[in-house]
Amino acid sequence: MKIFYQTFGTVKKKFTGLLNRFFKKKRTRIGIYGPPNAGKTTLANRIARDWTGDAVGPVSEIPHETRRARKKEDIIISGANGNTVVMDIVDTPGVTTKIDYHEFLEFGMEKDEAIIRAREATEGVAEAMHWLREDIDGVIYMLDSTVDPFMQVNIMMIGIIEARNLPVIIVANKIDLPDAAPARIRSAFPQHPVVAISGREGKNVEDLYEMMLEYFG
Amino acid sequence: MPHKCTKCGREYKDGSTEILKGCESCGGKKFLFVKEEELNRDVLEEKTIDEIAEESHEEVLEVVDSDKAPKQVEMYDRVETIRIVSPGSYELNLERMAQSDERIVSVGKEGSYIIDLMSMAKEEPKKKGRKR
Numbered sequence: 144m145k146i147f148y149q150t151f152g153t154v155k156k157k158f159t160g161l162l163n164r165f166f167k168k169k170r171t172r173i174g175i176y177g178p179p180n181a182g183k184t185t186l187a188n189r190i191a192r193d194w195t196g197d198a199v200g201p202v203s204e205i206p207h208e209t210r211r212a213r214k215k216e217d218i219i220i221s222g223a224n225g226n227t228v229v230m231d232i233v234d235t236p237g238v239t240t241k242i243d244y245h246e247f248l249e250f251g252m253e254k255d256e257a258i259i260r261a262r263e264a265t266e267g268v269a270e271a272m273h274w275l276r277e278d279i280d281g282v283i284y285m286l287d288s289t290v291d292p293f294m295q296v297n298i299m300m301i302g303i304i305e306a307r308n309l310p311v312i313i314v315a316n317k318i319d320l321p322d323a324a325p326a327r328i329r330s331a332f333p334q335h336p337v338v339a340i341s342g343r344e345g346k347n348v349e350d351l352y353e354m355m356l357e358y359f360g
Numbered sequence: 111m112p113h114k115c116t117k118c119g120r121e122y123k124d125g126s127t128e129i130l131k132g133c134e135s136c137g138g139k140k141f142l143f144v145k146e147e148e149l150n151r152d153v154l155e156e157k158t159i160d161e162i163a164e165e166s167h168e169e170v171l172e173v174v175d176s177d178k179a180p181k182q183v184e185m186y187d188r189v190e191t192i193r194i195v196s197p198g199s200y201e202l203n204l205e206r207m208a209q210s211d212e213r214i215v216s217v218g219k220e221g222s223y224i225i226d227l228m229s230m231a232k233e234e235p236k237k238k239g240r241k242r
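Which chain is which? The protein sequence lines are A and B, in order. Following this note's numbering, the numbering of the first sequence begins with 144 at its first residue and continues without gaps. Following this note's numbering, the numbering of the second sequence begins with 111 at its first residue and continues without gaps.
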């Protein structure tokens, strides 16, 4: 009898898997990319909190707090007109071309700890790039709007994302700060949709959600 | 066999993990293996533990503080593919080079990296499918 239930269980699992493959739309996997300290995890936390009630990971003012990619699955976002889209959000480590442990020392970190952080951050960049290569269907590219967007990393990353034909939304974050200049980001990337938000205060995130429905739905 | 601190003589049971942090009483880092029956010889014969060590020819164990001596990262554990030791002097991590086309350059001793994003954006070479 036990064996019967076991086989029944596996058959059922296989059958539902088959059904899902035919009738359920594949979930879109959205990667949140951007340079360190742009507010990627803050946004990932906000999205997760707004739509599932959970958090994704810890945030800090020291760059490279996120050194492993974190995934939050089955986030259902619905828009004003009733459209819904199911997506997985991948919060990735900050992508940069240079990592030096000295920058962490300024935050009062011990040397040994800073060296380990630099090493992990480097592995994090490789992991973020790996996700982009293998398993991402759309990109939210986060930028700190108080910082000059014409950095080599940003130009290169947008180029890589374009080369892969991935839909991208550029987010000009931190508009709650006094020296934020989201217009600078708009003029830097005129070929892509740009939305100005404050991930920390939640300002304009609804606009971002509408845009996500439009571009990733 | 139990251990005895060579400095203060405090006894520790065989295999006790406390001694890894040093003696609890005096902070001593050296311990001697002593035979069960000779456990109190130092007191009875009024000898220092070093003298007993010489007589018994047992090795004195020294606890090394693992936190203070950071482990050298082995070549195959390194994240970088190329290390610039000093201008004109390079170390190549062949293992990593063989695994992928990703190029991470490390500058100087440790904790400073330059990452070639373009090398990471490339598609992995596809394995040839077996066609019949």
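Ideal Cβ positions, reconstructed from N, Cα and C, are used throughout, including at glycine. None of these values were measured; they are calculated from a predicted model.
Closer than 9 Å to chain A by CB, residue i
| i | result |
| --- | --- |
| Glu200/B | Going by the sequence as given, residue 200/B is Tyr instead of Glu. Output row for Tyr200/B: interface = no. |
| Asp226/B | yes |
| Met207/B | no |
| Tyr223/B | yes |
| Lys232/B | yes |
| Glu134/B | no |
| Ala179/B | Residue placement at Ala179/B cannot be trusted, given a pLDDT of 48 that sits under 50; the coordinates are not used to answer. |
| Lys117/B | no |
| His113/B | no |
Contact list for residue i against chain A, beta-carbon separation under 7 Å
| i | result |
| --- | --- |
| Val189/B | Arg262, Thr265, Glu266 |
| Glu212/B | Ala269 |
Proximity test, Cβ basis, 9 Å: residue i and chain B
| i | result |
| --- | --- |
| Ile340/A | no |
| Ile283/A | no |
| Met272/A | yes |
| Leu309/A | no |
| Leu275/A | yes |
| Val202/A | no |
| Val296/A | yes |
Contacts of residue i in chain A (Cβ-Cβ under 9 Å)
| i | result |
| --- | --- |
| Ser166/B | Per Cβ cutoff of 9 Å: no residues; Ser166/B is ~40 Å from chain A at best. |
| Glu220/B | Tyr244, Ile258, Ala261, Arg262 |
Where residue i sits in the DSSP three-state scheme
| i | result |
| --- | --- |
| Asp280/A | coil |
| Phe247/A | helix |
| Ala181/A | coil |
| Ile224/B | strand |
| Leu149/B | coil |
| Glu121/B | strand |
| Thr116/B | coil |
| Asp287/A | strand |
| Ser199/B | strand |
| Ala323/A | coil |
| Arg260/A | helix |
| Arg211/A | coil |
| Lys140/B | strand |
| Ser210/B | coil |
| Ile131/A | One cannot answer for residue 131/A here, as it falls past the ends of chain A, which runs 144 to 360. |
| Thr265/A | helix |
| Ala339/A | strand |
| Gly174/A | strand |
| Glu172/B | strand |
| Arg307/A | coil |
| Ile218/A | strand |
Of the residues the options, the one placed nearest residue i, counting alpha carbons only
| i | options | result |
| --- | --- | --- |
| Ala191/A | Tyr176/A, Ile242/A, Lys241/A, Met230/A | Met230/A |
| Gly177/A | Lys254/A, Ala315/A, Glu263/A | Ala315/A |
| Arg211/A | Ser221/A, Val290/A, Asn180/A, Gly200/A | Gly200/A |
| Asp291/A | Ile279/A, Asp193/A, Pro325/A, Glu344/A | Pro325/A |
| Glu161/B | Glu147/B, Tyr200/B, Cys133/B, Thr116/B | Thr116/B |
| Glu148/B | Ser216/B, Thr127/B, Ala163/B | Ala163/B |
| Ile313/A | Met300/A, Pro321/A, Arg307/A | Met300/A |
| Phe247/A | Asp234/A, Thr235/A, Arg307/A, Glu263/A | Glu263/A |
| Pro197/B | Val189/B, Glu134/B, Gly218/B | Gly218/B |
| Pro333/A | Val311/A, Asp322/A, Gly345/A, Pro321/A | Val311/A |
| Ala187/A | Ala269/A, Val238/A, Arg170/A, Lys214/A | Lys214/A |
| Glu212/B | Ile159/B, Glu233/B, Glu168/B, Glu128/B | Glu233/B |
| Gly174/A | Val238/A, Glu208/A, Met294/A | Val238/A |
| His207/A | Trp194/A, Gly196/A, Arg260/A, Arg172/A | Arg260/A |
| Ala269/A | Glu249/A, Ile340/A, Thr209/A | Thr209/A |
Within chain B, the residues that residue i reaches when beta carbons sit closer than 8 Å
| i | result |
| --- | --- |
| Lys183/A | The contacting residues do not exist; Lys183/A stays about 17 Å from chain B at best. |
| Met299/A | Leu227, Met228 |
| Ile303/A | Leu227, Met228, Ala231 |
Within chain B, the residues that residue i reaches when beta carbons sit closer than 7 Å
| i | result |
| --- | --- |
| Thr240/A | Ile224, Ile225, Leu227 |
Listed by chain order, chain B residues near residue i by CB distance under 9 Å
| i | result |
| --- | --- |
| Arg172/A | In chain order: nothing, as chain B lies at least about 18 Å away. |
| Ile279/A | Near Ile279/A there are no residues of chain B at all, since even the closest Cβ is about 12 Å away, more than 9 Å. |
| Arg189/A | Per Cβ cutoff of 9 Å: no residues; Arg189/A is ~27 Å from chain B at best. |
Residue i CB to nearest heavy atom of the ligand GDP below 8 Å
| i | result |
| --- | --- |
| Asn347/A | Questions concerning the ligand GDP fall outside what the structure shown contains, since it holds no ligand whatsoever. |
Original post:
Do three or more CB pairs link the region 117-124 of chain B to the region 348-358 of chain A at distances below 8 Å?
Top reply: no
**OP:** Report yes or no: do three or more beta-carbon pairs, one from the region 243-251 of chain A and one from the region 220-229 of chain A, lie closer than 8 Å?
**Re:** no
Subject >> the region 278-290 of chain A contacting the region 321-336 of chain A, beta-carbon criterion three pairs below 8 Å >> reply: yes
**OP:** Name, going along the chain, the residues of the region 209-234 of chain A whose beta-carbon falls closer than 8 Å to a beta-carbon of chain D.
**Re:** No chain D is present in this structure, whose protein chains are A and B.
Original post:
Within the chosen definition, does the region 199-209 of chain B reach the region 220-235 of chain B through at least 3 CB pairs nearer than 8 Å?
Top reply: no
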